[in-house]
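Structure, rendered in structure tokens:
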């Protein structure tokens, strides 16, 4: 567990996320605040306020806790493509204008005009969500 | 040692505790009843339990909180191989 945040996000998860941000074509710059909160400058000029956590399955209780502790974070991203979230957490995000993603999805979302609305598609164009990742 | 688990919650362990002899932390899943314990206060309601488990095991506890409906929707227990944590037998 990290000594610097009480969400159990390790340095390796943070540094992986930072490396991926540095390599993303839509990211101009970023700044890490409060250890696990990122302010990301997008090439379109917007600033994305992102909370990075490391939850195997991000549930509604965790999303509500994140909102209480980081009220300005518009995105909650759970580190690693093997992590995911519950349908209830995703629905809450949709209804409250918060982007709920795992890492792989988030880096895809950066390519969309409205990243919060991003979803992956299967071969038939149907949305797929990280409810049962790993 | 007394571990105060909210009465409507059931505990499971998963992750490295099931596979590794040397642990950095203990992954605990709590399935809670959102009627008895609203999601907005679920972490607060389980905070004493986390602290007491950490004291007992000498390890950080990484808590995942899901309702039964969320667990079913993610197939969490089956996917992780989580096993129920019977504190009466453990302590």
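Chains as they are written, first to last, in the numbering used here: chain W, 1 to 134; chain U, 1001 to 1091.
Note that CB positions come from ideal geometry on N, CA and C, so glycine has one too.
Within 10 angstroms of its Cβ, does residue i collect 16 or more other Cβ (buried), or is it exposed?
| i | result |
| --- | --- |
| residue 28 of chain W | exposed |
| residue 54 of chain W | buried |
| residue 1027 of chain U | buried |
| residue 70 of chain W | buried |
| residue 1051 of chain U | exposed |
| residue 1081 of chain U | exposed |
| residue 93 of chain W | buried |
Cβ atoms of residue j and residue i: under 8 Å apart, would you say?
| i | j | result |
| --- | --- | --- |
| residue 1013 of chain U | residue 1076 of chain U | no |
| residue 5 of chain W | residue 36 of chain W | yes |
| residue 1068 of chain U | residue 1031 of chain U | yes |
| residue 1064 of chain U | residue 129 of chain W | no |
| residue 1066 of chain U | residue 1029 of chain U | yes |
| residue 1046 of chain U | residue 1008 of chain U | no |
| residue 9 of chain W | residue 48 of chain W | no |
| residue 11 of chain W | residue 1074 of chain U | no |
Please name the residue in the options whose C-alpha comes closest to that of residue i.
| i | options | result |
| --- | --- | --- |
| residue 133 of chain W | W/114, W/105, W/125, W/113 | W/105 |
| residue 114 of chain W | W/46, W/70, W/123 | W/46 |
| residue 1072 of chain U | W/15, W/85, W/49, W/16 | W/85 |
| residue 50 of chain W | W/131, W/83, W/103 | W/103 |
| residue 17 of chain W | W/93, W/123, W/78 | W/78 |
| residue 33 of chain W | W/83, W/127, W/14 | W/14 |
| residue 83 of chain W | W/58, W/19, W/20 | W/58 |
| residue 1044 of chain U | W/44, W/20, W/66 | W/66 |
| residue 1042 of chain U | W/68, W/127, W/123, W/125 | W/68 |
| residue 1033 of chain U | U/1054, U/1053, U/1011 | U/1011 |
Could you run through the stretch 1075-1086 of chain U and flag, in chain order, every residue whose CB is less than 8 Å away from some CB of chain W?
-> 1075, 1076, 1079, 1080
Where the stretch 1032-1062 of chain U meets chain W: residues whose CB sits under 7 Å from a CB there = 1039, 1040, 1042, 1043, 1060, 1062
Would you check if the stretch 89-97 of chain W and the stretch 20-40 of chain W touch, i.e. whether three or more CB-CB distances between them fall below 8 Å?
-> no
With a cut-off of 8 Å, do at least 3 Cβ pairs link the stretch 93-105 of chain W to the stretch 68-79 of chain W?
-> yes
Taking one C-beta from the stretch 58-69 of chain W and one from the stretch 103-112 of chain W each time, how about it: are there three or more such pairs within less than 8 Å?
-> no
The stretch 16-32 of chain W contacting the stretch 1002-1020 of chain U, beta-carbon criterion three pairs below 8 Å = no
Inspect the CB distances between the stretch 118-125 of chain W and the stretch 1050-1069 of chain U and report whether three or more fall short of 8 Å.
-> no
Listed in chain order, which residues of the stretch 73-88 of chain W have Cβ atoms closer than 9 Å to some Cβ of chain U?
-> 84, 85, 86, 87, 88
Can you list, in chain order, the residues of the stretch 1003-1031 of chain U whose Cβ is nearer than 7 Å to any Cβ on chain W?
-> 1025
When the Cβ atoms of the stretch 1034-1041 of chain U are set against those of the stretch 1018-1026 of chain U, are three or more pairs found closer than 8 Å?
-> no
Using a beta-carbon distance cut-off of less than 7 Å, what residues from the stretch 45-74 of chain W approach chain U?
-> 55, 56, 57, 59, 60, 61, 62, 64, 65
Residues, ordered as in the chain, of the stretch 7-21 of chain W that lie near chain U by beta-carbon distance below 7 Å | 8
Contact list for the stretch 108-123 of chain W against chain U, Cβ threshold 7 Å | none
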